[in-house]
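Engineer: I am attaching a structure below and will ask some questions about it afterwards.
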Ligand code: ADP
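As structure tokens, this is what we get:
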């Protein structure tokens, strides 16, 4: 039997029709920039989420170089009813990576659209094409010796500001909530038109990257976590490198101390004394970055609390570990530090700064890097903790209140325990909210573990929703279920917008549960 020509086909499209469309795509982007060979397509389906690749199989991938090429691609997509899944770099690990929500959707890989169009030092912003990576920008900043800092998420070097911002990802400097700091987009709509949002709609405007709102309804938001357009360029603000930077760590000995920790941070954060998106990680997070699970525990079920506590004590980790920083002039930082140190000490925390932290401690070092926009891959070691390549993020939003966090922690830990999964968690501190980030780590090569991870996520999602807690983002495995939790009215509006903007449903069917 001859090998199958295509790994999948778009729904309702025959192999012959698809082959004709592929020829048209090749005329637009060049022969080598359209791939359909199943062995090459496999690179787009390396998943960490608890679902099999078959559910997310693209029939091919397209790699345009320009906005005009994207416009022409969209025309062919409409003609043949072929859907595409845009990715900037596809490093959305634990959320679906590069693979589409639904099989039969071609990957629109924007990695060749990688021009840094402008970096403006005076005004602190960048305008980039969708495929530009954080590493590219970091290299640019270094090469030109610019006094600017990036704000990067966990897979920083290989990921892109555009992809991360469009999925509303977060980082760890004062610019941590990426969508807050996004300013201006160029979007190819499903009808092939190019929309420039905000001030970009004006010919020759020089305010596209400095004023977010433009005139009339503010549209940028509808192109995030959505499938209403293909973003080809994005502007965003960059922080001026501050004259002084003081990272610090506060360790708390007991699990219940999360209450005190958060209630100590909140007023400091709200009043802009601590300005960055600091984190509060549990001891198992710290252990998971540095240890393998099998060296800590080889019994059944969730790792027992007493083992975690003993291992953390041996390594000197707190039950909860606050990593945050002060930024400003040396005088400001010194003044604020007295207040911050006093508050944390009064709350029973063990406060460490650069003077007393071990500079070779990998946990300290990677936080110091990430809170100052320096690229780091260190946190990737989380994936070695359990091994087997399974990771999916369950991330409920929480009020920045100590009492709330304890409630969420207990609920999450209990449900994870029912499925033999560990509670590896941190809170990222926003202004009034926190992202409660739980990395569900499991072995993808063991079918029962994969199933357990899926079922566990499902239960977490629904039990948290029953308590009034929603998640800020999800993977391609749970988009429909998450959308359902946000209710019918929201869903109907999402679908109405979809029908208006993309009547043939050619852009990212299923993204955030939106389909027609
Ligand atoms: P990362 O920067 O983490 O590699 P991805 O490229 O994987 O991010 O993008 C994350 C998600 O954001 C994608 O799965 C897709 O849904 C959406 N996305 C990414 N880039 C674009 C784009 N240029 N236009 C529209 N949606 C996009």
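Residue numbers (the numbering used here): 0 to 515.
Glycine is no exception: its CB is placed at the ideal position from the N, C-alpha and C atoms.
Given the structure is predicted, the values throughout are model-derived calculations rather than measurements.
#1: In this structure, does DSSP put residue 0 in helix, strand or coil?
#2: Let me check understanding here. Comparing Cα to Cα, which of 291, 484 and 179 lies closest to residue 381?
#3: Considering only the beta carbon of each residue, do residue 56 and residue 18 sit closer than 8 Å?
#4: When we look at the beta-carbon of residue 265 and count the other beta-carbons within 10 Å, is it buried (16 or more) or exposed?
#5: Taking only runs that begin and end inside the stretch 52–124, name each unbroken beta strand (DSSP E) of 3 or more residues, in chain order.
#6: Considering only the beta carbon of each residue, do residue 419 and residue 303 sit closer than 8 Å?
#7: Sorry if obvious, but does the Cβ on residue 470 come closer than 7 Å to a heavy atom of the ligand ADP?
#8: Helix, strand or coil, according to DSSP, for residue 327 in the structure here?
#9: Return the chain-ordered list of same chain residues with a C-beta closer than 8 Å to the C-beta of residue 0, the five sequence neighbours on each side being excluded.
#10: Decide if the stretch 19–35 is in contact with the stretch 66–83; the criterion is three or more beta carbon pairs, one per stretch, under 8 Å apart.
#11: Give the single residue among 92, 79 and 247 whose Cα lies nearest to the Cα of residue 355.
#12: Please list, following the chain, all residues that have a C-beta closer than 5 Å to any non-hydrogen atom of the ligand ADP.
#13: In the structure shown, what three-state DSSP assignment does residue 181 receive?
#14: Compare the Cα-Cα distances from residue 371 to each of 335, 396, 324 and 67 and report the closest residue.
#15: If you reduce the DSSP assignment to three classes, tell me which class residue 511 lands in.
#16: From residue 496 to residue 331, what does the alpha carbon distance come to, in whole angstroms?
#17: Would you mind working out which of 452, 175, 35 and 137 sits nearest residue 275, comparing C-alpha positions?
#18: Just to confirm, is the Cβ distance from residue 362 to residue 289 under 8 Å?
#19: How many Å lie between residue 96 and residue 82 at the Cα?
#20: Along the chain, where does the beta strand (DSSP E) that runs through residue 234 open and close?
#21: Taking residue 244 and residue 278 to be in contact with their CB atoms under 8 Å, please state how far apart those CB atoms are, rounded to whole angstroms.
#22: Helix or strand or just coil, what does DSSP make of residue 395?
#23: Rank 285, 401, 446 and 423 by C-alpha distance to the C-alpha of residue 49 and give the top, closest one.
#24: For residue 62 and residue 114, which I take to be in contact (beta-carbon distance under 8 Å), what is that distance rounded to the nearest angstrom?
#25: DSSP on residue 503, reduced to helix/strand/coil?
#26: If you run the structure through DSSP and keep just helix, strand and coil, what is residue 42?
#27: Looking at residue 365: is its Cβ nearer than 8 Å to the Cβ of residue 173?
#28: Less than 8 Å between the beta carbons of residue 391 and residue 426, yes or no?
#29: Going along the chain, which residues of its own chain have a beta-carbon closer than 7 Å to the beta-carbon of residue 515, five neighbours each way excluded?
#30: Report buried or exposed for residue 101, applying the criterion of at least 16 other Cβ atoms within 10 angstroms of its Cβ.
#31: Compute every distance between the C-beta of residue 494 and the non-hydrogen atoms of the ligand SAM, then say whether any falls below 7 Å.
#32: Mind the definition here: the stretch 338–347 touches the stretch 202–218 only if three or more C-beta pairs lie below 8 Å; say whether that holds.
#33: Could you check whether residue 428 and residue 394 sit closer than 8 Å to each other, using their CB atoms as the reference points?
Structural biologist: With the given structure in hand:
#1: Taking the chain shown and counting its residues from 1, one reaches residue 0 at position 1. Annotation note: pLDDT 46 at residue 0 (below 50); position unreliable, coordinate value reported separately. If DSSP states are grouped into helix, strand and coil, residue 0 belongs with coil.
#2: Here residue 381 is taken as the residue at index 382 of the chain shown, counted from 1. It is 291.
#3: For the purposes of this step, residue 56 is identified with residue 57 of the chain shown, where counting begins at 1. For the purposes of this step, residue 18 is identified with residue 19 of the chain shown, where counting begins at 1. Contact flag unset, no.
#4: Residue 265 sits at position 266 when you count from the first residue of the chain shown. Under this definition residue 265 is a buried residue.
#5: 83–86, 105–108 and 115–119
#6: One-based indexing of the chain shown puts residue 419 at position 420. One-based indexing of the chain shown puts residue 303 at position 304. No, Cβ-Cβ distance for residue 419 and residue 303 is not below 8 Å.
#7: Locating residue 470 in the chain shown gives position 471, counting from the first residue. Every heavy atom of the ligand ADP is 7 Å or more from the Cβ of residue 470, so no.
#8: Translated into the one-based positions of the chain shown, residue 327 becomes position 328. Correct three-state label for residue 327: strand.
#9: Position 1 of the chain shown holds residue 0. With a pLDDT of only 46 at residue 0, under 50, the local geometry of the prediction cannot be trusted, and no value is derived from it.
#10: yes
#11: In the chain shown, the residue the question calls residue 355 occupies position 356. The shortest C-alpha separation from residue 355 is found at 247.
#12: 85, 86, 87, 88, 89, 90, 91, 129, 158, 159, 162, 163, 165, 166, 229 and 230
#13: For the purposes of this step, residue 181 is identified with residue 182 of the chain shown, where counting begins at 1. DSSP places residue 181 in strand when its eight states are reduced to three.
#14: Reading the chain shown from its first residue, position 372 is the one you call residue 371. Comparing Cα positions, the closest option is 324.
#15: Counted from its first residue, the chain shown places residue 511 at position 512. Helix at residue 511.
#16: Counting from one through the chain shown, the residue named residue 496 turns up at place 497. Counting from one through the chain shown, the residue named residue 331 turns up at place 332. Using only the alpha carbons, I get a separation of about 47 Å.
#17: Sequence index remark: in the chain shown, residue 275 carries index 276 (1-based). Closest option to residue 275, Cα to Cα, is 175.
#18: What you label residue 362 is simply residue 363 of the chain shown in a count that begins at 1. What you label residue 289 is simply residue 290 of the chain shown in a count that begins at 1. Taking 8 Å as the Cβ cut-off, residue 362 and residue 289 qualify as a contacting pair.
#19: Here residue 96 corresponds to residue number 97 of the chain shown, with the count starting at 1. Here residue 82 corresponds to residue number 83 of the chain shown, with the count starting at 1. Approximately 18 Å, taken between the alpha carbons.
#20: Residue 234 sits at position 235 when you count from the first residue of the chain shown. Where residue 234 is concerned, the enclosing beta strand (DSSP E) stretches over 229–236.
#21: As a first step, residue 244 must be located in the chain shown, where it is residue number 245. As a first step, residue 278 must be located in the chain shown, where it is residue number 279. At roughly 16 Å, the Cβ-Cβ gap does not stay under 8 Å, so residue 244 and residue 278 are not in contact.
#22: One-based indexing of the chain shown puts residue 395 at position 396. Three-state DSSP puts residue 395 in a strand.
#23: Numbered from its first residue, the chain shown carries residue 49 at position 50. Of the candidates 285, 401, 446 and 423, the one whose C-alpha sits nearest the C-alpha of residue 49 is 446.
#24: Start at 1 with the first residue of the chain shown, and residue 62 comes out as number 63. Start at 1 with the first residue of the chain shown, and residue 114 comes out as number 115. Wrong, their Cβ atoms sit about 15 Å apart, outside the cutoff.
#25: Within the chain shown, numbered from 1, the residue matching residue 503 stands at position 504. The answer is coil: DSSP assigns residue 503 none of H, G, I, E or B.
#26: Against the chain shown, residue 42 aligns to sequence position 43. Residue 42: helix per DSSP, three-state reduction.
#27: Here the question's residue 365 lines up with position 366 in the chain shown. Here the question's residue 173 lines up with position 174 in the chain shown. Not closer than 8 Å, so no.
#28: Position 392 of the chain shown holds residue 391. Position 427 of the chain shown holds residue 426. No, they are not a contact pair.
#29: Position 516 of the chain shown, counted from the start, is the residue given in the question as residue 515. For residue 515, where only same-chain residues beyond five positions count, the Cβ hits under 7 Å are 494, 497, 498 and 504.
#30: Locating residue 101 in the chain shown gives position 102, counting from the first residue. When all chains shown are included, residue 101 counts as buried.
#31: In the structure on display, the ligand SAM does not appear, and the ligands it does have are the ligand ADP.
#32: no
#33: As a working note, residue 394 is residue 395 in the chain shown. As a working note, residue 428 is residue 429 in the chain shown. Cβ atoms of residue 394 and residue 428: not closer than 8 Å.
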